[in-house]
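Those protein sequence lines, which keep their order, are chains P and S.
Residue numbers are given in the working numbering: position 57 of the first sequence equals residue 230, and the series is strictly consecutive.
Residue numbers are given in the working numbering: position 4 of the second sequence equals residue 416, and the series is strictly consecutive.
Glycine included, every Cβ here is placed at the ideal spot set by N, Cα and C.
Single-structure report; data block below.
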Amino acid sequence: MDKEEFISELKTIVTPYTQEPEALDHISEDTDFIKDLKINSANLVDVVLDVEEKFGIEIDNDAMARMLTVRAAIEIIEDKLAASGRE
Amino acid sequence: MDKRVVITGLGVVSPNGTDLAQFRHAIRNGISGIRHDPQLEKLLFSCQIAGKPVIDDERLQQYFSPLELRGLQSTGIVYGVIAGMDAWKNAGLEPAAPDGTPYWECGSVFGTGTSGIDKFREAIYKVDDLQIRKLGSTVVAQTMNSGVSAYLSGKLGLGNQISTNSSACATGVESILMAYERIKSGKATLMLAGSTSDSGAYIWGGFDAMKICPYQYNDQPEKGCRPMSASARGFVPGSGAGAVVLETLESALGRGARIYAEVLGGHVNSGGQRGSGTMTAPNNEGVQRCITMAIKEAGIGSGDIDVINGHLTATSKDVTEIRNWAAAMARQGGAFPYINSLKGMIGHCISAAGSIESVASVLQLSEGFISPNINCEDLHPAIAQLVDPKRIPTACMEHDFNILAKASFGFGDINACIIFKKYQHG
């Protein structure tokens, strides 16, 4: 999966949580979930659960705390997929 | 000086009508909201009938965002938010602008007995299954008792006191009285008051286990709840929510609001589980005292009460309740006020009972009718000895009247009585 595909998947996942839907049009690796997409911080755990379900991975507490931007999310997903022998 | 307090908005989600217009039509025409419940049958309940409001997805989407609807399993919050927002709109009010300041002078007391019991059940199973990390973010908001008032204050932008009261089946009347007190004492200008109750097996199971719900009417649900009748066999469980907007008379007149009724006063107390009182039975002295104190606090005489909307759940305690009203007011036979119970149509909506029945009471008062006591064609002989049967109408009566007393009584030997008066315009 390339970066564009990851971003597209993440965009689908965060759509119900964002309070700034227009910002989704410019979503990129630099997008910050809270600052740019105005996602309620309490909902970040729901985003993580949805990511886990979509990619069939488990995200530990440390990774979860780091997962504040699209770039960080992609890195974490790639790491977890690699660790489980999938790419 | 104490403020006069009036009711300017009504909202309701009842088993026999999920908005004010449907509800008015139902209570005028004696339409039952009690139906067979497949879940209760499947789970081997003795009583397999219940009063459960039907809310479709389209309606839900008018009150909740797609995000809020994900995993939303608290029926009590659903009913309470719909009834509360409907009452707000009915009062001619708008939510505070999302990017503006809250309404500092407006608050809410919205009661419930439990919150989100189905969500709680799901969470407990997940925790025990070592899936704590998969609970998601809304378990607390859906299962905290104050969830319903928290959702409402957020949607409407209320900035005064926001609280959830809980006093068993007296909850709804108590919430209105608490809001009334806050306005009367000058601490708020306007309050949204009401109560809600979850649906389903996990909330009703405890009552079924106590054998206080009827098992004889599973094949004729609409006949199952029979307040004041000789054939009453127990209360049918129900659910829903009722809501009223209360405000100072000054505020209502100032903004040209429609005034449904004035709250003259009321009283809440407990029999202390002494004398005849227990966890489940009333101390009669406490009940009578609650009624006489309500009359006194309202500044009226017991002869001024035209209509009573009773608690009257369709158990053997109905006779006891009538005796208490008769003793407290010193009125009997043809001198007894008209009296009705809504529970024949909707069952006993537990923590929502007092507020749904208060909405019905205020409608009857403001529009001049007395809703029928359905399933009471065989009036209990002990009640007929105390009250002229003509005072217990079994068909809807068009009747202009001035003062209605509404009472609710609850587990824990708790009593609440409120006095509503028709508002004379001009």
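Any chain P beta carbon closer than 9 Å to residue i
i                      : result
residue 479 of chain S : yes
residue 482 of chain S : yes
Neighbour list for residue i in chain P, Cβ cutoff strictly below 8 Å
i                      : result
residue 548 of chain S : 218, 219 and 222
Paired residues, beta bridge with residue i - DSSP
i                      : result
residue 809 of chain S : S:782
residue 649 of chain S : S:760
residue 607 of chain S : S:523 and S:654
residue 602 of chain S : S:518 and S:659
residue 821 of chain S : S:827
residue 462 of chain S : S:447
residue 750 of chain S : S:719
residue 242 of chain P : P:205
residue 674 of chain S : S:418 and S:833
residue 679 of chain S : S:829
residue 581 of chain S : S:579
residue 570 of chain S : S:515
For residue i, the nearest candidate out of the options (CA to CA)
i                      : options                       : result
residue 839 of chain S : S:668, S:430, S:794 and S:658 : Past the edges of chain S, shown from 413 to 838, lies residue 839 of chain S, and the structure says nothing about it.
residue 788 of chain S : S:593, S:727, S:815 and S:430 : S:727
residue 842 of chain S : S:790, S:834, S:443 and S:487 : Outside the shown range of chain S (413 to 838) lies residue 842 of chain S, about which nothing can therefore be said.
residue 768 of chain S : S:562, S:687, S:556 and S:524 : S:524
residue 777 of chain S : S:440, S:427 and S:429        : S:440
residue 450 of chain S : S:577, S:630, S:564 and S:623 : S:630
residue 560 of chain S : S:510, S:615 and S:653        : S:653
residue 204 of chain P : P:228, P:256, P:240 and P:218 : P:240
residue 461 of chain S : S:681, S:697, S:627 and S:826 : S:627
residue 855 of chain S : S:794, S:797, S:820 and S:748 : Any answer about residue 855 of chain S is impossible in this case: the structure gives chain S only from 413 up to 838.
residue 702 of chain S : S:736, S:675 and S:691        : S:736
residue 586 of chain S : S:765, S:536, S:423 and S:448 : S:765
residue 493 of chain S : S:448, S:471, S:564 and S:548 : S:564
Under 8 Å from the C-beta of residue i: neighbouring residues of chain S
i                      : result
residue 255 of chain P : Within chain S, no residue comes near residue 255 of chain P; the closest Cβ sits about 22 Å away, beyond 8 Å.
Beta-carbon separation (whole angstroms), residue i vs residue j, contact threshold 8 Å
i                      : j                      : result
residue 584 of chain S : residue 530 of chain S : Actually they do not touch by this definition, with Cβ atoms about 22 Å apart.
residue 520 of chain S : residue 574 of chain S : 5 Å
residue 679 of chain S : residue 829 of chain S : 6 Å
residue 755 of chain S : residue 637 of chain S : 6 Å
residue 438 of chain S : residue 640 of chain S : So it is not a contact: roughly 19 Å between Cβ atoms.
residue 478 of chain S : residue 194 of chain P : Contact flag wrong, Cβ pair sits at about 11 Å.
residue 731 of chain S : residue 816 of chain S : No, residue 731 of chain S and residue 816 of chain S are not in contact; Cβ-Cβ is about 22 Å, not under 8 Å.
residue 710 of chain S : residue 677 of chain S : 4 Å
residue 825 of chain S : residue 695 of chain S : 6 Å
Chain-ordered chain S contacts of residue i [CB-CB under 7 Å]
i                      : result
residue 215 of chain P : 549
Below-9 Å beta-carbon distance, residue i vs any chain S residue
i                      : result
residue 189 of chain P : yes
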